[in-house]
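Visitor:
There are 2 protein chains.
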Amino acid sequence: MSKLVVNFNPGNICIEATEGSSLLEVARLAGYSLASECGGLGTCGRCKVRLLSGNIFLSGEPDLTAKEKAQGYILACLARIIENIEVEIPPESEFSYTLVTTDTPFNPAEHPGAELQVRGIPINPLVQLLELQVPPATLQNNASDYERFGAALAKRDVPRTFDISLDCLRSLGKTLRESDGAVEVLTHQEAQLTKILKVSSEPQPDIYGLALDIGTTTVFARLIDLKSGEIQSEASEYNKQIPCGGDIIHRIVYAGRKHGLAQLQNLALQSCNGLISELLQITGAKRESIVAVSVAGNTTMQHLMLGINPQTIREEPYVPAVTQFPVFAAVEVGLEIFPQAPVFFSPSVASYVGGDITAGVLAADVHHSDRLTLYIDLGTNGEIVLGNREWLTACACSAGPAFEGSGVKCGMRAVPGAIDQVTRNSKTGELAFRVIGGGTPKGICGSGMIDLLAELRSSGRLDARGKLKQEADPRRIRSMGRKAEILLIDRAETGGSGDVVVTEVDLDNLIRTKGAIFAGIQTLLKGVGLPVFEIERVVIAGGFGRYLDVENAIRIGMLPDLPRDRFEYIGNGSLRGAGLALLSWQLWGELHDISRKITYFELSSWPGYMDEFMAALFLPHTDIGLFPSVR
Amino acid sequence: MSKLVVNFNPGNICIEATEGSSLLEVARLAGYSLASECGGLGTCGRCKVRLLSGNIFLSGEPDLTAKEKAQGYILACLARIIENIEVEIPPESEFSYTLVTTDTPFNPAEHPGAELQVRGIPINPLVQLLELQVPPATLQNNASDYERFGAALAKRDVPRTFDISLDCLRSLGKTLRESDGAVEVLTHQEAQLTKILKVSSEPQPDIYGLALDIGTTTVFARLIDLKSGEIQSEASEYNKQIPCGGDIIHRIVYAGRKHGLAQLQNLALQSCNGLISELLQITGAKRESIVAVSVAGNTTMQHLMLGINPQTIREEPYVPAVTQFPVFAAVEVGLEIFPQAPVFFSPSVASYVGGDITAGVLAADVHHSDRLTLYIDLGTNGEIVLGNREWLTACACSAGPAFEGSGVKCGMRAVPGAIDQVTRNSKTGELAFRVIGGGTPKGICGSGMIDLLAELRSSGRLDARGKLKQEADPRRIRSMGRKAEILLIDRAETGGSGDVVVTEVDLDNLIRTKGAIFAGIQTLLKGVGLPVFEIERVVIAGGFGRYLDVENAIRIGMLPDLPRDRFEYIGNGSLRGAGLALLSWQLWGELHDISRKITYFELSSWPGYMDEFMAALFLPHTDIGLFPSVR
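These protein sequence lines map, in sequence, to chains A and B. Following the numbering used here, the numbering of the first sequence begins with 1 at its first residue and continues without gaps. Following the numbering used here, the numbering of the second sequence begins with 632 at its first residue and continues without gaps.
#1: Please list, in chain order, the chain A residues whose beta carbon lies closer than 7 Å to that of residue 801 of chain B.
#2: I need the DSSP call for residue 799 of chain B, collapsed to helix, strand or coil.
#3: List the residues of chain B that residue 137 of chain A touches, going by C-beta distances under 8 Å, in chain order.
#4: Could you please give me the residues that DSSP links to residue 1034 of chain B through a beta bridge?
#5: Which ranges does the beta strand (DSSP E) cover as unbroken runs of at least 3 residues, wholly within the region 961 to 1009 of chain B, from first to last along the chain?
#6: Under a CB-based cut-off of 8 Å, is residue 332 of chain A close to chain B?
#7: Since residue 632 of chain A contacts residue 331 of chain A with CB under 8 Å, what's their CB separation in whole angstroms?
#8: Taking residue 144 of chain A as the query, report the chain B residues whose CB atoms sit under 7 Å from its CB, ordered along the chain.
#9: With DSSP as the reference, identify every bridge partner of residue 131 of chain A, one or two as the case may be.
#10: Ignore the nearest five residues each way along the sequence and tell me which others in residue 99 of chain A's own chain have a CB closer than 6 Å to its CB.
#11: Is it the case that the Cβ atoms of residue 49 of chain A and residue 82 of chain A are separated by a distance below 8 Å?
#12: Tell me whether the beta-carbon of residue 827 of chain B lies closer than 8 Å to the beta-carbon of residue 814 of chain B.
#13: Measuring CA to CA, which of B:994, B:685, B:808 is closest to residue 718 of chain B?
#14: Starting from the N-terminal side, write out each stretch of the alpha helix (DSSP H) that is 4 residues or longer and does not extend beyond the region 1164 to 1234 of chain B.
#15: Please list, in chain order, all residues of the same chain as residue 1120 of chain B whose beta carbon is under 6 Å from its beta carbon, the five residues on each side excluded.
#16: Return the chain-ordered ranges of every beta strand (DSSP E) run that is complete within the region 666 to 712 of chain B and spans a minimum of 3 residues.
#17: Of all the options B:711, B:997, B:944, which has the alpha carbon lying nearest to the alpha carbon of residue 1233 of chain B?
#18: Excluding five sequence neighbours on each side, which residues of the same chain lie with their C-beta closer than 7 Å to the C-beta of residue 132 of chain A?
#19: What residues are listed by DSSP as bridge partners for residue 238 of chain A?
#20: So is residue 1236 of chain B in contact with chain A if we call contact Cβ pairs under 8 Å?
#21: If you count every other CB in all the chains shown that lies within 10 Å of the CB of residue 639 of chain A, and 16 or more means buried, which is it?
#22: When you compare each of B:936, B:1214, B:901, B:863 to residue 882 of chain B by their alpha carbons, which one comes out closest?
#23: Below 8 Å on C-beta distance, what does residue 778 of chain B contact in chain A?
#24: Within this structure, are the beta carbons of residue 878 of chain B and residue 1032 of chain B separated by less than 8 Å?
#25: Could you say if the region 837 to 846 of chain B and the region 1203 to 1223 of chain B meet the contact criterion of at least three C-beta pairs nearer than 8 Å?
#26: May I ask you to list, following chain order, the residues of the region 786 to 799 of chain B that have a beta carbon less than 7 Å from some beta carbon of chain A?
#27: Which two residues bound the contiguous beta strand (DSSP E) that contains residue 383 of chain A?
#28: By DSSP, does residue 737 of chain B sit in helix, in strand, or in coil?
#29: Using Cβ-Cβ distances below 9 Å, what residues of the region 964 to 990 of chain B are close to chain A?
#30: Given a cut-off of 8 Å, decide if residue 793 of chain B and residue 825 of chain B are closer than it, judged by their beta-carbon atoms.
#31: Is the Cβ of residue 1250 of chain B closer than 8 Å to any Cβ of chain A?
#32: If I measure Cβ to Cβ from residue 800 of chain B and keep anything under 8 Å in the same chain, skipping five residues before and after, which residues do I get?
#33: Between which two residues does the beta strand (DSSP E) carrying residue 1043 of chain B extend?
#34: The beta strand (DSSP E) that contains residue 1146 of chain B, what's its start and end?
#35: To the nearest whole angstrom, what separates the beta carbons of residue 1025 of chain B and residue 984 of chain B, a pair I think is in contact under 8 Å?
#36: Does the beta-carbon of residue 749 of chain B, which I'm using as the reference point, lie nearer than 7 Å to any heavy atom of the ligand ZN?
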């Protein structure tokens, strides 16, 4: 097959391509992160590019307006290269990964060490540093180095069967003699086995654990001091897999392609390793000082990160390859830290209730609660847990990435520049926007979207089925072909980065999301035969949750209409839970108890779920009796 | 430093060398295996080469005759390269590795499976293949693949904590679906842990274990069918480390040089991997079918093979880095077989009583014997064990490589072409030689040397202190400078490969060897306060032992003068023991019991040993009362 050349702009980057290859793939090779909610199936329309010269072959009919087509726009995923071409990538098609790091003092109560203290559990991390004095060899005690070392270690409170790597054994003799037997031993105790990870003659500086939450849309990393239990820093960024598909299903489809699984694994690791580098840079810590990792993440993300095929997750009977993970070494997984650092994966419950949820339940302490608790994780998948210390049930409803800003035309994460709150002047009816960090708004995040939906509905700008009514606000609401959109901020105010708008498609997605979540809650309640008002505590978790207006979330019919003091927000519960487990063998054990205790409701085959969902697509709900305070 | 060129002959091989580098090293880089008993210290004189042109710098005074010097002979180890030179390597300086393989039917009683049967122990190998039926996933049983697999495995008689590699986990789902859940699982059970090494959808062909005996001079390998317990084939060859030093001490010294340890490790692995390739070729077995390895070998060889620094072995208090070895994966060790195959090292007792001896004691069943047993391993180190089911003692005496033919001027292994027996015509007094495999003798092996020493002494050709008496046999005995030698076979009879001679130096080495062994036996006996005649059973182990004439060994004062029916020969006891352990968890456990039970006598610091040694240098001994039948 002949080699052709594609010239990309902006950047004037030329790259060779094989005849017949996909323009989307070639653009990625050229270094452009083209957005692609659908993972390259030609359905989401996010990878729109403009053909400046040359011809391409279209493998499907793109959903573009006549005007766009006339201007030369095509969808990169449908375009196959057949001759030399020149392409322009419009800014809105390039996916941008907003890296956010935090090194400002954390809320003292947020430190996992402090949380453990509240629960009355001592810090007892999964990887420990023991100071050991190994007696020297003499003609009388002429046991080998390893045997004398083992005898000294066996006097400590650790399992008596030891495992040591060959590398570690090779340097043991030298280390013991350099330090006159005074060594620090890094150990990990697994089942009845003590793994010796490192033996040092010099006192080790700080040792750190890494808590990771691998979300479908966003990846979070926290560096935690294993001795003090304090968070050192935190970083988060969009998952680099996003251009391969906006949600779990599209990622799984992508993984089924040739090299797809390896690509996704690689991208997950890029995301994690990028954040690790950030954390190291902020704190000045050494790479080798990260000696343990705790990974929360949904089942699919955990599979993809490990390069395990997730296909069976989406095929009946919806079974993942693994839910209770063995402990792997960082080097085996591909994390760029101390190579022998054990990597602990939070156990999953089922295909769509993963280690992120078990970690979240741990963080919210649902499994010890006397009160009936509803735990809702508002991520790309909306996972819901209902239960208390006696029992736990869970389900997952495909929420989509709307809450995290991905897949929304002007969506963004809840980071500086995002509209996080929308209010309405009760006299003029005019909308007002609050921006995280102040300044010029660049887009809108999940909490802003919920507020907007609530205000549009209550002000009559939107009907109960989610259609914008242009006549209600002709200045802001405009028709764009088949679908309308509402202008929030004019490009004149954004400093040239374009209008901030929300389209009917965006609103429709949000309504489906809120409907799916409410239907999930209803299904769990009906499944256990309890009425909604018996819920005594509602815990909201998720990246944007801290800006969430519970009142508005109830007004749009997403959250149940319960007394407002029953609601609380715990931030990223998965990340918190992963951090807690890292610091305590007891909590690591509880995490596994939680995973075994949860009864999973598979909604896709659950009778009645679809009816619940259809009823919940209405604003707030077809059964208004469920929302007495909204009426 | 400037680059110089060395031209080697025969072969006309030119190689670049840095100014100041050692000619011995450069010759090795050029592919010549120069003999070197002393490991390059300039003392053994085995790396003699001839300088044809150019000059070298000598870093020491070589022990060569005036004639040799005049002919241009130098010692390669002492020569530093200072200009371009041309060198000739005489055939006697090149070390030749006699590879010997056996695929002829073995003595049925020799098979470890048969030995187990005699002991009433079932075959229960260290690595097992289990057939497993894993139920398919259904909407009712929707546990993950790994959990269903684990549940099925947990019903078998294996430890309930599982460990699986990421690679294995990655392919598990596919394997289960390909085979409808009917899989074969290769497992290794360690402590309370079941390691899952491989899961196959296709029935596995034969699985093999490899028994290795890494001797200082010779390396042996046996391929054993793990199901039937039968030996498939055997191969042995000189240890490729020999040019780095003829005995353990010289190897340890060599390991202390820059890159020395890595070189020795590499050479040990080359030896093992070469034999593995041979075994695979003979049997037609696949590399991946070797799934377990049991390694006997002396403490130093085990260290070197693993790349662990052995320096402390020769420094007071003579402590090795490790005696009870963890189990490593083949890939970690560097053995070219199924990468995840566990490698089991026979435990050592001390610096000079290694895994070869514990394995030998296991093979000879000393630890179950009611009879007081003397176990003697006639290798490069002579190790001696004295004991019974109640107690075990052991010591090691540096025998040197004479028994295995290395370091003896015309020495060779007990392989075809070797003189293995020397007899004397009682009428004419003339010597006669038996050759292994018949045909032209190429050299003499250990058993031949013992016979020769006995016959030379009893015929008056040698005095009681080991000096050849030329007048007693002027035709054979000739003076060569300071030392005499005896001609066994004239070059006219060897087909041009040179005279077969034994020098006074060779005889002196042998006398030191036999003296060291007898002194060791005496020391152990005195240590436990028992007279020699209480020994009820003498087990001789070692590569040449099958040709050993016990009568002659007693006549020279090497073995104690006991009734001849108390002596038995078990061949390579270490290799046998390694093979037995591979087939039985019980025996693997006994091997460790043996290692802990043996009381080690460190002869170098044992009061009285040196006196015993000096007395034993006489032929047969200064105290002739110890050898009543010889008198």
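By construction, the Cβ of each residue, glycine as well, lies at the ideal position given by its N, Cα and C atoms.
Guide: For this structure:
#1: 307, 308
#2: helix
#3: 943, 948, 950
#4: Its beta-bridge partners do not exist; DSSP assigns none.
#5: 973 to 976, 1004 to 1009
#6: yes
#7: In this structure chain A extends from 1 to 631, so residue 632 of chain A is not present and cannot be described.
#8: 950, 951, 952, 953, 954
#9: A:184
#10: 237
#11: no
#12: no
#13: B:685
#14: 1181 to 1186, 1204 to 1213, 1216 to 1228
#15: 1072, 1131
#16: 679 to 684, 687 to 689, 704 to 706, 710 to 712
#17: B:944
#18: 152, 153, 183, 185
#19: A:218
#20: yes
#21: Given that chain A is displayed from residue 1 to residue 631, the structure contains no residue 639 of chain A and the question cannot be resolved.
#22: B:936
#23: 322, 323, 324
#24: yes
#25: yes
#26: 792, 794, 795, 797
#27: 381 to 387
#28: coil
#29: 964, 979, 981, 982
#30: yes
#31: no
#32: 777
#33: Where residue 1043 of chain B is concerned, there is no enclosing beta strand (DSSP E), given that its DSSP letter is neither H nor E.
#34: Careful: residue 1146 of chain B lies outside any beta strand (DSSP E), inside the alpha helix (DSSP H) at 1135 to 1159.
#35: 5 Å
#36: Ligands displayed in this structure: none; no statement on the ligand ZN is therefore possible.
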